[in-house]
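If you read the sequence shown in the working numbering, its first letter stands for residue 63, the second for the next number, and so on.
Backbone N, C-alpha and C fix where the C-beta goes; we use that ideal spot for every residue, glycine too.
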Amino acid sequence: MNVLIIGSGGREHAICRTFSKSSKVDRLYCADGNAGIAQSAVCVPIRPDDIDALTKFALANEIDLTFVGGETPLALGIVDEFESHGLKIIGPNRAAAQLEASKSFAKDFMARNRIPTARYLTANSVGAAVNALERGEFGDKNSPVVVKADGLAAGKGVVVTKNRTDAIAAIDDMSALAGSASEKIVLEECLIGKEVSLLMFAGGEDFALMPPTRDHKRIGEGDTGPNTGGMGAVTSTSILTDEQLREIEDTIIRPTLRGCVNEGMSFRGILFLGLMMVAAPAGDRGLRPMLLEYNVRFGDPETQAILIRLETDFVDICEALLSRESGDITCENADDGLGNPRSSAVSLSDLNIKWSHESSACVVLAAKNYPRKPQTGDRINGVENAASIKGVEIFHAATERTEDGDFTTAGGRVLGVTAVAANLTDALSAAYRAVDKISFSGMQYRRDIGL
Ligand code: AMP
Ligand code: GLY
Numbered sequence: 063m064n065v066l067i068i069g070s071g072g073r074e075h076a077i078c079r080t081f082s083k084s085s086k087v088d089r090l091y092c093a094d095g096n097a098g099i100a101q102s103a104v105c106v107p108i109r110p111d112d113i114d115a116l117t118k119f120a121l122a123n124e125i126d127l128t129f130v131g132g133e134t135p136l137a138l139g140i141v142d143e144f145e146s147h148g149l150k151i152i153g154p155n156r157a158a159a160q161l162e163a164s165k166s167f168a169k170d171f172m173a174r175n176r177i178p179t180a181r182y183l184t185a186n187s188v189g190a191a192v193n194a195l196e197r198g199e200f201g202d203k204n205s206p207v208v209v210k211a212d213g214l215a216a217g218k219g220v221v222v223t224k225n226r227t228d229a230i231a232a233i234d235d236m237s238a239l240a241g242s243a244s245e246k247i248v249l250e251e252c253l254i255g256k257e258v259s260l261l262m263f264a265g266g267e268d269f270a271l272m273p274p275t276r277d278h279k280r281i282g283e284g285d286t287g288p289n290t291g292g293m294g295a296v297t298s299t300s301i302l303t304d305e306q307l308r309e310i311e312d313t314i315i316r317p318t319l320r321g322c323v324n325e326g327m328s329f330r331g332i333l334f335l336g337l338m339m340v341a342a343p344a345g346d347r348g349l350r351p352m353l354l355e356y357n358v359r360f361g362d363p364e365t366q367a368i369l370i371r372l373e374t375d376f377v378d379i380c381e382a383l384l385s386r387e388s389g390d391i392t393c394e395n396a397d398d399g400l401g402n403p404r405s406s407a408v409s410l411s412d413l414n415i416k417w418s419h420e421s422s423a424c425v426v427l428a429a430k431n432y433p434r435k436p437q438t439g440d441r442i443n444g445v446e447n448a449a450s451i452k453g454v455e456i457f458h459a460a461t462e463r464t465e466d467g468d469f470t471t472a473g474g475r476v477l478g479v480t481a482v483a484a485n486l487t488d489a490l491s492a493a494y495r496a497v498d499k500i501s502f503s504g505m506q507y508r509r510d511i512g513l
């Protein structure tokens with residue numbers, strides 16, 4: 063089969079590498095890719111937001127399956143457009159992509175479906191947001207509050223503030239930082255706890271969990287400095303207990319997928335929960351899951367750490383997702399009326415997706431000055447040497463190739479050095495041994511990933 067992957071980062075490189083391991087894939091294309099991706103796929107110079115050009119390309123090149131990496135094409139309705147031309151594509155339709163594209167939509171959806179989340183309020187203007195704080199909606203002037211731009215803002219739309227003065231300053235800054243994404247502002251109670259990311263393959267009400275992950279968003283060690291797209295991620299069995307996973311399934315995942323079905327949203331792709339594990343109320347033991355946000359696609363760099371552990375053929379998983387009805391998945395057509403999945407649909411649980419070993423780690427190597435204006439064009443040394451270490455794979459996030467075959471830096475996050483092993487200590491040790499073999503001018507990375 064011919065497969066098209068949409069995107070150009072480390073996440074898309076990991077997705078390409080995973081598809082390239084399948085014997086069912088004949089031709090692999092990536093729009094628009096990078097120099098690492100070009101080693102396993104044909105890179106096509108079409109931007110991920112050019113839905114028209116992507117549709118024409120898929121039709122002309124007999125693409126049998128398209129996999130979307132990032133949120134922008136999903137929010138623009140690429141799934142609806144491809145399906146209207148009879149093209150098979152993995153991802154939520156435009157309506158379901160609102161779960162990520164609009165924070166107020168997502169919070170209202172959580173409230174309607176009684177999903178545990180931080181108390182919130184949506185303000186339609188800067189003035190209304192400031193008034194709400196001054197009325198004491200989120201406590202007194204010393205209470206922390208989270209300020210969020212409603213729309214997609216490439217990671218710049220959320221500010222966790224310590225008090226009302228900082229929150230008002232964040233609201234004032236929001237339109238400069240997030241532009242039209244900040245026409246509505248969501249204010250939220252600040253939750254204290256441990257953050258976890260939980261991703262799953264999901265189609266209708268059927269889902270299969272991936273290994274829980276934890277990422278590191280700040281540029282500096284000890285979680286200091288500005289936020290980035292993510293400086294590293296790990297997967298490990300110690301991140302969530304089985305009991306916590308069952309609670310997340312019951313209180314968050316099932317109500318979410320049922321809510322999508324009931325509200326006529328077609329969700330067939332990757333659902334990514336950003337969770338905060340908070341202390342249970344007095345008298346109860348343990349931690350309780352609260353949902354911070356939905357993403358409707360794979361995370362970057364979580365994907366690199368997750369997919370390096372996948373043993374099941376990725377095409378089989380995609381086919382199980384596609385065997386769910388296309389268009390709106392309603393209660394009626396998702397089962398046979400007796401609560402059993404339709405006979406034509408392969409359930410994700412029947413597929414029994416296999417994950418290797420116990421743990422993995424991805425350490426991001428970033429360019430000088432990232433996350434501000436990154437320096438580009440620096441020659442990268444040692445990639446092949448690093449990749450020869452057992453259990454290590456190097457995913458390219460932003461690289462180019464010179465005429466003499468060397469890689470150079472071409473963006474903020476440059477490489478994701480990823481390793482899998484029997485436990486987290488060994489995975490981290492392999493990843494950092496590989497990192498030590500790579501160098502480029504101004505290279506930045508965190509030494510404390512997974513700690
Ligand atoms: P989001 O894009 O909604 O995931 O927010 C980005 C980051 O802001 C999250 O990963 C959290 O670290 C933080 N955050 C978001 N909402 C809250 C909240 N209600 N309480 C505390 N931290 C939050
Ligand atoms: N690493 C966070 C994200 O992809 O949203």
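| query | result |
| --- | --- |
| Buried versus exposed call for Thr471 [16 or more other C-beta atoms within 10 Å across all chains shown] | buried |
| At least 3 beta-carbon pairs within less than 8 Å: the region 342 to 352 vs the region 252 to 269 | yes |
| Rounded C-alpha distance that separates Gly201 from Asn193 | 13 Å |
| Length-filtered (4 minimum) alpha helix (DSSP H) runs lying within the region 289 to 347 | 304 to 310 and 316 to 324 |
| Burial state of Asn155, where buried means 16 or more other Cβ atoms lie within 10 Å | buried |
| Per-residue DSSP class, three states only, for Thr117 | helix |
| Where the alpha helix (DSSP H) through Ile77 begins and ends | Gly72 to Ser82 |
| Closest by C-alpha distance to Leu260, when choosing among Leu337, Asn204, Ala215 and Arg320 | Leu337 |
| Cβ pair count under 8 Å reaching 3, the region 298 to 308 against the region 271 to 282 | yes |
| Opening and closing residue of the alpha helix (DSSP H) in which Tyr432 lies | Neither: Tyr432 is in no alpha helix (DSSP H) and is coded neither H nor E. |
| Range covered by the beta strand (DSSP E) that runs through Asn37 | Nothing about residue 37 can be read from this structure; the chain reaches only from 63 to 513. |
| 8 Å Cβ cutoff, Gly219 in contact with chain E | In the displayed structure, chain E is absent; only one protein chain is listed. |
| Contact test: Val87 Cβ vs the ligand AMP heavy atom, cutoff 7 Å | no |
| 8 Å contact criterion, which Ala159 and Ala137 should meet: CB distance rounded | 5 Å |
| Any 3 or more C-beta pairs closer than 8 Å across the region 314 to 331 and the region 168 to 175 | yes |
| Limits of the unbroken alpha helix (DSSP H) element including Thr487 | Leu486 to Lys499 |
| C-beta contact flag for Ile125 and Asn64 at 8 Å | yes |
| Check your reading: residues with Cβ closer than 5 Å to the ligand GLY heavy atoms | Asp277, Gly292, Gly361 and Asp362 |
| Counted within 10 angstroms of its Cβ, other Cβ atoms place Thr286 as buried (16 or more) or exposed | exposed |
| Heavy atom of the ligand AMP within 7 Å of Asp211 beta-carbon | First, the amino acid is wrong: residue 211 is Ala here, not Asp. Incorrect: Ala211 has no Cβ contact closer than 7 Å to the ligand AMP. |
| Which of helix, strand or coil DSSP assigns to Gly132 | coil |
| Residue burial classification, Asp346 (beta-carbon count within 10 angstroms, cutoff 16) | exposed |
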